[in-house]
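Engineer: Residue numbers (the working numbering), protein chains in the order written: chain A, 1062 to 1465; chain B, 90 to 365.
Think of the CB as a built atom: it goes at the ideal place given N, C-alpha and C, for glycine as much as any other residue.
All figures in this text were calculated on a predicted structure; none of them were measured in a lab.
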Amino acid sequence: MPDTPNTYRRGPDERGHFGIFGGRYVAETLMPLILDLEKAYNEAKADPAFQNELKYLAKHYAGRPSPLYHASRLTKHLGGAKVYFKREELNHTGSHKINNVLGQVLLAKRMGKTRVIAETGAGQHGVATATACALFDIPCVVFMGATDVDRQAPNVARMHMLGAEVRPVKAGAATLKDAMNEALRDWVATCETTFYCIGTVAGPHPYPEMVRDFQCVIGDETRAQMHEAEGRLPDTLVACIGGGSNAMGLFHPFLDDPGVRIVGVEAAGHGLETGQHAASLTGGRPGVLHGNLTYLLQDDEGQITEAHSISAGLDYPGIGPEHSWLKEQGRVEYVSATDDEALAAFQVLCKLEGIIPALESAHALAHVLKLAPTLPKDNLLVMNLSGRGDKDVPQVAARLGMKA
Amino acid sequence: MSRIEKRFAQLKADKRAGLVAYISAGDPDAPLGYQILKGLPAAGADLIELGMPFTDPMADGPSVQLAGQRALKAGITVDATFDMVRRFRKEVDNDTPILLMGYYNLVYQRGAERFCKEAAEAGVDGFILVDLPPEEAGALKPHAEANGIDTVLLTAPTTDDKRLPAVLKYAAGFVYFVSVLGTTGTKSATEEAVRTHVSRIKSHTKLPVAVGFGIKTPEQAAAVARHADAAVVGSAIVDQVKAALDGNGKPKPDLVAGLLAFVKSLAEGVRSVKKA
Ligand SMILES: Cc1ncc(COP(=O)(O)O)c(C=O)c1O
Chain A
1062 MPDTPNTYRR
1072 GPDERGHFGI
1082 FGGRYVAETL
1092 MPLILDLEKA
1102 YNEAKADPAF
1112 QNELKYLAKH
1122 YAGRPSPLYH
1132 ASRLTKHLGG
1142 AKVYFKREEL
1152 NHTGSHKINN
1162 VLGQVLLAKR
1172 MGKTRVIAET
1182 GAGQHGVATA
1192 TACALFDIPC
1202 VVFMGATDVD
1212 RQAPNVARMH
1222 MLGAEVRPVK
1232 AGAATLKDAM
1242 NEALRDWVAT
1252 CETTFYCIGT
1262 VAGPHPYPEM
1272 VRDFQCVIGD
1282 ETRAQMHEAE
1292 GRLPDTLVAC
1302 IGGGSNAMGL
1312 FHPFLDDPGV
1322 RIVGVEAAGH
1332 GLETGQHAAS
1342 LTGGRPGVLH
1352 GNLTYLLQDD
1362 EGQITEAHSI
1372 SAGLDYPGIG
1382 PEHSWLKEQG
1392 RVEYVSATDD
1402 EALAAFQVLC
1412 KLEGIIPALE
1422 SAHALAHVLK
1432 LAPTLPKDNL
1442 LVMNLSGRGD
1452 KDVPQVAARL
1462 GMKA
Chain B
90 MSRIEKRFAQ
100 LKADKRAGLV
110 AYISAGDPDA
120 PLGYQILKGL
130 PAAGADLIEL
140 GMPFTDPMAD
150 GPSVQLAGQR
160 ALKAGITVDA
170 TFDMVRRFRK
180 EVDNDTPILL
190 MGYYNLVYQR
200 GAERFCKEAA
210 EAGVDGFILV
220 DLPPEEAGAL
230 KPHAEANGID
240 TVLLTAPTTD
250 DKRLPAVLKY
260 AAGFVYFVSV
270 LGTTGTKSAT
280 EEAVRTHVSR
290 IKSHTKLPVA
300 VGFGIKTPEQ
310 AAAVARHADA
320 AVVGSAIVDQ
330 VKAALDGNGK
340 PKPDLVAGLL
350 AFVKSLAEGV
360 RSVKKA
């Protein structure tokens, strides 16, 4: 067993490592740029003008703070923990992704970059990036797996309307991993002028730290809002995990509160036993991909295997390195939910609370449906409702045999 | 003296630059891939880079991506790659340096210590690991050194004079200058840019400097040879494999001969330049 550190919130070290995880495994061409980015980010972080501009945008443009909502019908239905939703789906553009994107695009502007690229799975990060680039008048190119272009068509149309170029990527299973490969290839060729806006807490240092910092607004607000609503800390936190940004944003501010139980939900696809899933922490082992050392789905040799999830935003064979570290520390529990469980949870939320969740967030809900009934009524449970399901309407309607 | 050191010393004595030929191990399949490997020295390759196929070659352009996919489809593993090198050392020669090129995860999964030991035992001379910058090389370096394997590090146009010494501190064998911003096989650098960067790198190190990325013709190889100690050609060589596959992906009978003839033309380009 590893020694218990006196804080879980100090990482990463100056080389971007969380224990053995993280780091900067990138081509030399990118190394100087990543060092530049780190320096620029540290300066921006310490600059009140930058922080104020970000706060202003978060409030007046993105609509923060997002509400902390007590889901009373769902709570009653489950008959256990008191369930709250952190309503990130109400943010402008429909998910938590905007929190990070506003920070990164402001930083891009500050660094004098003239073009922004991004990878996207569900298209929520792509839409958020296209949105911020429209606002700041910066050309934007979004890489998206061809499979995801099909299954998240509404978001592709939104990106086009916002003036972004969407480049479908046909390699591999044509999902998020392939989009990230292609974004990295573009970046090596254009790094002197282009800012790579990564959508989750993964990639080479400083991305996992920077994206986490921008997303921590979720947990910071939750803390204050729960204090106002209940006069104390929550007992249980639940969030879905693709790369892990909405989860990290909620979890990180509570890591040093030992009474708070924290649960991350990975995508179990067709079921862990089928091998067709996206649960890197449960079904993978440490390895190096996309600039960081982290848990990955891979074969014995180290060839990366294809992930599977009904949710494009969770369909990724890796996870942010800080989650890998938190797993090994035992501070956060990592569980999973299947495609079918997520679809069932999706429908429960529509009918009981009148909220159409993103399929990603439906994975977190699927676990809440299992967990909440086992907890006492005074257990305060917060689930991160990371996004709204508009983008999933055609896909889910087809799946359920409804007319779209 | 290592094979790499010896080879560069010989090139210097011969007053010429070298040709570094890149192929993807086992492309398009194990038997043909070995025939290609076997024929490279006679075709004029002075050093050989053997690509270890990886599912996610983030720093490679379409040509090398496809080559790796063909090899993976043919079932090429790390062990199969080691076997090819072992057989080459027995059947072909014990002088031509062979470097494994690829991505760090394959090394990491086997464990750096075991990987280095097995590679050295097979007859490998160096590693070029695209996604292992000096900042992360600390876990590999001691095992490579203990097994007499050179870690060839990459430098790029973005590696400025301030950063160069930190990179060169970890470099061994030779320095690989990536002459353009981009993935393999896409853009080509101007001769003037190559000249400037090579002389800049040489002011920091005594190691030989090889230049690669975007060299596609004997003329371009000659232009690089005027300034660098070696020219690296990869995408243009693996494109020869692609060109010799029929519509169903079946190799045409002249695949090996055609590829080796192309390598010979590159070698002639490099050898046409007389060095001081
Ligand atoms: C609504 C929503 N939630 C969650 C995710 C998963 O990403 P992360 O784990 O970084 O929050 C996505 C990604 O596309 C998303 O759109």
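When you compare only the Cα positions, how much space is there between LEU1446 of chain A and GLY1184 of chain A?
Structural biologist: Residue numbering aside, residue 1446 of chain A sits at position 385 when the first sequence is read from its first letter. Residue numbering aside, residue 1184 of chain A sits at position 123 when the first sequence is read from its first letter. Answer to the nearest angstrom: the Cα atoms are 17 Å apart.
Engineer: Can you tell me the Cα-Cα spacing of GLN158 of chain B and ASN337 of chain B, whole angstroms?
Structural biologist: What you label residue 158 of chain B is simply residue 69 of the second sequence in a count that begins at 1. What you label residue 337 of chain B is simply residue 248 of the second sequence in a count that begins at 1. Those two C-alpha atoms are separated by around 15 Å.
Engineer: Taking its Cβ as the centre, do 16 or more other Cβ atoms sit within 10 Å of ILE93 of chain B, making it buried, or is it exposed?
Structural biologist: Looking up residue 93 of chain B in the second sequence gives position 4. Result: buried.
Engineer: What is the DSSP secondary structure of PHE204 of chain B, counted as helix, strand or coil?
Structural biologist: Mapped onto the second sequence, residue 204 of chain B falls at position 115. In the structure shown, PHE204 of chain B sits in a helix (DSSP, three-state: H, G or I).
Engineer: Could you tell me how far apart the beta carbons of VAL269 of chain B and ILE238 of chain B are, in whole angstroms, since I believe they sit closer than 8 Å?
Structural biologist: Reading the second sequence from its first residue, position 180 is the one you call residue 269 of chain B. Reading the second sequence from its first residue, position 149 is the one you call residue 238 of chain B. Rounded, the Cβ-Cβ distance is 27 Å, inconsistent with contact.
Engineer: How should LEU218 of chain B be labelled, buried or exposed, when 16 other C-beta atoms within 10 angstroms of its C-beta is the threshold for buried?
Structural biologist: Within the second sequence, residue 218 of chain B is the residue found at index 129, counting from 1. Buried, because 16 or more other Cβ atoms sit within 10 Å of the Cβ of LEU218 of chain B.
Engineer: Any C-beta of chain A sitting closer than 8 Å to the C-beta of ARG203 of chain B?
Structural biologist: Translated into positions along the second sequence, residue 203 of chain B becomes position 114. Not an interface residue.
Engineer: Could you check whether the Cβ of PHE1079 of chain A sits closer than 8 Å to any Cβ belonging to chain B?
Structural biologist: Residue numbering aside, residue 1079 of chain A sits at position 18 when the first sequence is read from its first letter. No, PHE1079 of chain A does not count as interfacial toward chain B.
Engineer: If contact is defined by three or more beta carbon pairs under 8 Å, each pair taking one atom from either stretch, is the region 1253 to 1260 of chain A in contact with the region 1218 to 1230 of chain A?
Structural biologist: Verdict: no, contact absent.
Engineer: Nearest to VAL264 of chain B by alpha carbon, out of B:PRO231, B:GLY301, B:ALA228, B:LYS251?
Structural biologist: Residue mapping note: residue 264 of chain B aligns to position 175 of the second sequence, counting from 1. For the residues B:PRO231, B:GLY301, B:ALA228, B:LYS251, the minimum Cα distance to VAL264 of chain B belongs to B:GLY301.
Engineer: Just grab the DSSP bridge partners of CYS1201 of chain A for me.
Structural biologist: Here residue 1201 of chain A refers to the residue found at position 140 when the first sequence is read from its first residue. The partner list for CYS1201 of chain A (beta bridge, DSSP) reads A:VAL1177.
Engineer: Helix or strand or just coil, what does DSSP make of MET1062 of chain A?
Structural biologist: One-based indexing of the first sequence puts residue 1062 of chain A at position 1. Residue placement at MET1062 of chain A cannot be trusted, given a pLDDT of 45 that sits under 50; the coordinates are not used to answer.
Engineer: May I have a chain-ordered list of the beta strand (DSSP E) segments no shorter than 3 residues that lie completely inside the region 136 to 209 of chain B?
Structural biologist: Fully enclosed beta strand (DSSP E) runs of 3 or longer: 136 to 140, 187 to 191.
Engineer: Tell me the residue span of the beta strand (DSSP E) that contains ILE1323 of chain A.
Structural biologist: Here the question's residue 1323 of chain A lines up with position 262 in the first sequence. Unbroken beta strand (DSSP E) run through ILE1323 of chain A: 1322 to 1330.
Engineer: How is VAL1227 of chain A classed by DSSP in three states: helix, strand or coil?
Structural biologist: Counting from 1 along the first sequence, the entry for residue 1227 of chain A is found at position 166. DSSP places VAL1227 of chain A in strand when its eight states are reduced to three.
Engineer: Note down, in chain order, all residues in the region 1220 to 1239 of chain A with a beta-carbon under 9 Å from any beta-carbon belonging to chain B.
Structural biologist: Flagged, chain order: ALA1232, GLY1233, LYS1238, ASP1239.
Engineer: Closer than 8 Å by beta-carbon distance: list the chain B residues that pair up with VAL1349 of chain A, in chain order.
Structural biologist: For the purposes of this step, residue 1349 of chain A is identified with residue 288 of the first sequence, where counting begins at 1. What VAL1349 of chain A touches in chain B: TYR192, TYR193, ASN194, TYR197, ASP220.
Engineer: With 16 other CB atoms within 10 Å as the buried threshold, where does ALA1119 of chain A fall?
Structural biologist: For this step, residue 1119 of chain A is matched to residue 58 along the first sequence. With 16 or more Cβ atoms within 10 Å of its Cβ, ALA1119 of chain A is classed as buried.
Engineer: For ligand 1, is there any heavy atom lying closer than 7 Å to the beta carbon of ALA1419 of chain A?
Structural biologist: Sequence index remark: in the first sequence, residue 1419 of chain A carries index 358 (1-based). Correct: ALA1419 of chain A has its Cβ closer than 7 Å to ligand 1.
Engineer: Run through DSSP, which three-state label would CYS1252 of chain A get?
Structural biologist: As a working note, residue 1252 of chain A is residue 191 in the first sequence. CYS1252 of chain A falls in the coil class under three-state DSSP.
Engineer: Buried or exposed for ARG1284 of chain A, going by 16 or more other Cβ atoms inside 10 Å?
Structural biologist: The residue you call residue 1284 of chain A lines up with position 223 of the first sequence. That one is buried.
Engineer: Report the partner residues of TYR265 of chain B according to the DSSP bridge assignment.
Structural biologist: Counted from its first residue, the second sequence places residue 265 of chain B at position 176. Partner(s): B:LEU243, B:ALA299.
Engineer: Determine the extent of the alpha helix (DSSP H) in which ARG289 of chain B is found, giving its start and end residues.
Structural biologist: Stepping through the second sequence from its first residue, residue 289 of chain B is reached at position 200. 280 to 291 is the span of the alpha helix (DSSP H), which, as asked, contains ARG289 of chain B.
Engineer: What does GLN224 of chain B reach in chain A if we use C-beta pairs closer than 8 Å?
Structural biologist: As a position in the second sequence, residue 224 of chain B is number 135, starting the count at 1. Correcting the residue identity first, residue 224 of chain B is Glu in this sequence and not Gln. The contacting residues are ARG1076, GLY1084, ARG1085, MET1092.
Engineer: Which of the residues in the region 153 to 178 of chain B, read from start to end, lie with their CB under 8 Å from any CB of chain A?
Structural biologist: Residues passing the 8 Å Cβ filter: GLN154, LEU161, THR166, VAL167.
Engineer: Identify the contact partners of ASN1242 of chain A in chain B, using a Cβ-Cβ distance below 7 Å as the criterion.
Structural biologist: Here the question's residue 1242 of chain A lines up with position 181 in the first sequence. Correct list: ASP145, MET147.
Engineer: Could you check if ALA1183 of chain A belongs to the surroundings of ligand 1, using beta carbon to heavy atom distance under 7 Å?
Structural biologist: As a position in the first sequence, residue 1183 of chain A is number 122, starting the count at 1. Yes, ligand 1 has a heavy atom inside 7 Å of this Cβ.
Engineer: Tell me where the beta strand (DSSP E) around LYS1143 of chain A begins and ends.
Structural biologist: Reading the first sequence from its first residue, position 82 is the one you call residue 1143 of chain A. First-last of the beta strand (DSSP E) with LYS1143 of chain A: 1143 to 1147.
Engineer: Looking at chain A, is there any beta carbon in it that lies within less than 8 Å of the beta carbon of ARG252 of chain B?
Structural biologist: Locating residue 252 of chain B in the second sequence gives position 163, where the first residue counts as 1. So yes, ARG252 of chain B belongs to the interface.
Engineer: Please list the partners that THR247 of chain B has in chain A, where partner means a Cβ-to-Cβ separation under 9 Å.
Structural biologist: Residue 247 of chain B sits at position 158 when you count from the first residue of the second sequence. The contacting residues are GLU1089, THR1090, LEU1091, MET1092, PRO1093, LEU1094, CYS1252, GLU1253.
Engineer: Going by DSSP, name the residue or residues bridged to GLY1131 of chain A.
Structural biologist: Against the first sequence, residue 1131 of chain A aligns to sequence position 70. For the sequence presented, residue 1131 of chain A should be read as His rather than Gly. Beta-bridge pairing links HIS1131 of chain A to A:TYR1145.
Engineer: Going by other Cβ atoms of all chains shown within 10 Å of its Cβ, with 16 needed for buried, is ASP145 of chain B buried or exposed?
Structural biologist: What you label residue 145 of chain B is simply residue 56 of the second sequence in a count that begins at 1. Under this definition ASP145 of chain B is a buried residue.
Engineer: With a threshold of 7 Å, establish whether the CB of CYS1301 of chain A neighbours any heavy atom of ligand 1.
Structural biologist: Residue 1301 of chain A sits at position 240 when you count from the first residue of the first sequence. CYS1301 of chain A Cβ: within cutoff of ligand 1.
Engineer: Would you say the beta carbon of ALA1169 of chain A is closer than 7 Å to some non-hydrogen atom of ligand 1?
Structural biologist: As a working mapping, residue 1169 of chain A is identified with position 108 in the first sequence. No, Cβ of ALA1169 of chain A sits at least 7 Å from all heavy atoms of ligand 1.
Engineer: Less than 7 Å between C-beta atoms, sequence neighbours within five positions excluded: which residues of the same chain meet that for GLU234 of chain B?
Structural biologist: To locate residue 234 of chain B, count along the second sequence from 1; it is residue 145. Result list for GLU234 of chain B: empty, nothing under 7 Å.
Engineer: Count the C-beta pairs between the region 1447 to 1454 of chain A and the region 99 to 114 of chain B that are closer than 8 Å, then say yes if the count reaches three, no if not.
Structural biologist: At 8 Å Cβ cutoff, the stretches do not touch.
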